[in-house]
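> Residues 0 to 182 in numbering that gives the first Met the number 0 are what the sequence shown lists, from first letter to last. Sharing a structure, written as structure tokens. Questions coming.
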Amino acid sequence: MTQDPPGRPAADDLPAVVEKRSRFSIVWLIPILAAVLGAWLFYKHLTEAGIPVTLTFETADGLEAGKTKILFRSVEIGLVDSIEVTEDSQHVRLHATIDRKAESYLRQSTRFWVVRPRITTSGISGLGTLLSGAHITLEPGSGKPAHEFTGLEAPPPLAADTPGCRFILRSEAIGSIGDGSPI
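In structure tokens:
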């Protein structure tokens, strides 16, 4: 044991000195910043996440999950996430995500169809899909917002907003007239 110098009190006899420290330590900055960053990323994810939609078609010919795009006026607005066969095994169900910016297009009368190469009496269409693969396109409709749609097996003959008159022709024999044939 060491001895204290003469004239000086022993260490045990000294009064305890209490120093006031700041209540906030700089060490707490890291978890606080991490929490703020996490909350911001979560908010950003919620506001920018796409809108889930379900499309039902007769077949998924040419469609691939994770690759098939959904286009409007040749601009990509969505992507097919997964494809499954319905419970009755009669159709296929596609689960897709549509960009938030295109939310106004998703109405009850919106029409979806698969664009594939087609040869009809009125001409050839969809040749661009030979290289890029099939894609889904839509024609915005009206009505209440919707997230489940039944897709068309062929594109509509005319867009709903095309000006002009529409006629229904009835005949015993159709001959060489088909959808989109000039009259």
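The C-beta atom is built at its ideal place from N, Cα and C for all residues, glycine as well.
Can you tell me whether DSSP reads arginine 110 as helix, strand or coil?
In the structure shown, arginine 110 sits in a strand (DSSP, three-state: E or B).
> Give me the residue from Glu57, Lys100, Asp80 and Trp39 with the minimum Cα distance to serine 88.
Glu57
> Whole angstroms are fine: how far does the CA of valine 79 sit from the CA of isoleucine 31?
38 angstroms
> Could you tell me whether any Cβ in chain D is nearer than 8 angstroms to the Cβ of leucine 151?
The displayed structure is made up of one protein chain only, and chain D is not part of it.
> If you drop the 5 nearest sequence neighbours on each side, which residues of the same chain put their C-beta closer than 6 angstroms to that of glycine 49?
Thr96, Ile97 and Asp98
> Could you check what DSSP says for valine 74 in three-state terms: helix, strand or coil?
strand
> Along the chain, which unbroken stretches of the alpha helix (DSSP H) at least 4 residues long are found entirely within the segment 26-112?
28-47
> Which one or two residues does DSSP pair with isoleucine 135 in a beta bridge?
Ile69 and Val113
> With DSSP as the reference, identify every bridge partner of leucine 151, one or two as the case may be.
Trp112
> Considering only residues of the same chain and omitting the five flanking positions on each side of glycine 140, which have a CB-CB separation below 6 angstroms?
Arg106, Ser108 and Thr109
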